[in-house]
Structures are given as structure tokens and as C-alpha cells.
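Reviewing the structure listed below.
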Amino acid sequence: MKRVVGSPGTWSGMALRLSQCVFAPASTFAMASGFSYSNYSAYFYMSLALILQLMWSLGLACKDIFALRNKKDLHTRDNVLIIVMVDWVVAVFMFSGACASASLTIFLMWDVHFCETYSKLACRQFALSVVLAFITWLLQAASSFSVFWLLVSFY
């Protein structure tokens with residue numbers, strides 16, 4: 810069995826999960842602090858994806874901390890398989906939410922110029938939230954690929 814950077818039960822894996830736990834709520838708070846974000850389904854969908862991402866990453870970060878503290882090995886085939894499956898589902902969910910929100914933000918800011926017309930609409934906060942969501946997704950993708958690489962090393 811190989812030691813893969815970012816795999817469960819390692820310092821790098823814990824760092825990836827904790828950084829996801831920082832960027833996901835930051836994106837959610839940037840979105841939620843804007844006026845009427847829940848009126849747009851893409852923003853609401855991205856908020857749900859970010860909450861799911863936060864819960865999953867926080868759970869795995871706690872599991873990593875427990876494994877590092879008690880010197881437990883999380884590299885069993887069944888454990889890695891479950892983590893890979895849920896990681897990939899969450900990554901796809903996050904990517905689709907971030908892409909949908911990015912397209913809506915571009916539409917509102919540059920195509921129909923709603924941000925200029927309606928000054929209450931917090932377009933800059935929505936754009937910041939989308940950027941933070943993509944950073945969260947990149948971190949999720951990195952941890953997903955590392956766990957997938959670990960799963961492949963079993964065979």
C-alpha cells in the first residue's frame with residue numbers, strides 16, 4: 810500500500826479537509842449576506858451544495874484528527890471505497906452548483922445588467938461567493954483524486 814498525499818489519516822488529508830471547512834462556509838456567508846439570494850434557484854442550489862460539502866468535510870476532518878491522534882490506519886479497502894464514492898458525488902454536486910451560480914452571476918452582471926439597474930442586488934457578493942465555491946471545489950477535487958489514487962493502489 811502506498812502513502813498518497815491527501816489521503817485519509819494523513820496530515821495533508823486533514824489540511825485539505827480543514828481548508829474545505831473554511832472555504833465552504835465563507836462562500837455560504839458571502840452568498841447569504843446578499844439581498845434575495847434565495848429567489849434564484851442556482852444560488853440556493855449552490856448554498857445547499859456548500860452545506861453538504863461542509864458537513865462531509867467536517868466529518869472527515871474529525872475522522873482524520875482522530876486517526877492521527879490515536880495512530881489509527883484509515884487505509885482499509887472498504888473505508889477508502891466509501892470515501893471515494895461520497896467524495897465524487899459531493900464533488901460533482903459542488904461543481905454543478907458552482908457552475909450554475911457562475912452562469913447566473915455572469916448573466917445578471919454582464920448580459921442583462923441587473924446589477925446596474927437594481928442597486929439592492931448584491932452582485933459583487935454573489936461573484937465572491939462563486940469564486941470561493943470554485944476554490945472549495947478545487948480542494949474537494951484534489952482530495953477526491955488522492956483518495957481515488959489510494960483506492961487504485963489496492964488493486
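Residue numbers (the numbering used here): 810 to 964. Glycine residues also receive a C-beta, built at the ideal position from the N, C-alpha and C atoms.
Select from Q862, M894 and K929 the residue whose C-alpha is nearest the C-alpha of S955.
-> Out of Q862, M894 and K929, M894 has the C-alpha closest to the C-alpha of S955.
Answer yes or no: do S836 and A942 have a C-beta to C-beta separation smaller than 8 Å?
-> In this structure, A942 lies closer than 8 Å to S836 by Cβ.
If we count the other Cβ atoms within 10 Å of its Cβ and call it buried at 16 or more, is R812 buried or exposed?
-> Taking all protein chains shown into account, R812 has fewer than 16 neighbouring C-beta atoms within 10 Å of its C-beta and is therefore exposed.
Kindly give me the distance between the Cβ atoms of M903 and Q949, rounded to whole angstroms, as I take these residues to be in contact under 8 Å.
-> At roughly 6 Å, the Cβ-Cβ gap stays under 8 Å, so M903 and Q949 are in contact.
State the Cα-Cα distance for the pair L857 and G868, rounded to the nearest angstrom.
-> About 17 Å.
Is F864 near A907, with beta carbons less than 8 Å apart?
-> With the sequence shown as reference, residue 864 is identified as Met, and Phe is not the correct amino acid for it. Their beta carbons are not under 8 Å apart, which means M864 does not touch A907 by this criterion.
Looking at the unbroken alpha helix (DSSP H) that takes in G815, where does it start and where does it end?
-> Unbroken run through G815: none, as it is neither H nor E.
Would you kindly work out how many angstroms separate the C-alpha atoms of D920 and S912, rounded to a whole number?
-> Separation of D920 and S912 (C-alpha to C-alpha, rounded to the nearest whole angstrom) is 10 Å.
DSSP-derived helix/strand/coil call for S842 | In the structure shown, S842 sits in coil (DSSP, three-state: anything other than H, G, I, E or B).
Is DSSP giving K929 helix, strand or coil here?
-> Here K929 sits in coil by DSSP.
Quick one: give me the first and last residue of the alpha helix (DSSP H) that W919 is part of.
-> Looking at the DSSP string, W919 is not in any alpha helix (DSSP H), and its letter there is neither H nor E.
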